[in-house]
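Worksheet for the structure shown next.
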Amino acid sequence: MKEMIKRWYRMGLWDASMVENAVGRILTREEAEEIISSKEE
3 MKEMIKRWYR MGLWDASMVE NAVGRILTRE EAEEIISSKE E
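Per the numbering used here: the sequence shown = residues 3 to 43.
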């Protein structure tokens, strides 16, 4: 699921707040930070 969310974030379908909201349910804090920081590269 992490890879799907990462793809959606890069495509603009998810924003940072949506990724943050997934923490605890779908993602860990570390995974969310990785996804959010990956777009900045």
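Ideal Cβ positions, reconstructed from N, Cα and C, are used throughout, including at glycine. All values derive from a computational prediction rather than experimental measurement.
Spatial distance of residue i from residue j (CA atoms)
i, j, result
"E33", "K4", "7 Å"
"R9", "R27", "18 Å"
"R12", "V25", "18 Å"
"S19", "R31", "13 Å"
"E35", "I7", "12 Å"
"W16", "S40", "13 Å"
Counterpart residues of residue i in DSSP-defined beta bridges
i, result
"V25", "L29"
Local Cβ density within 10 Å of residue i, reported as buried at 16 or more and exposed below that
i, result
"L29", "buried"
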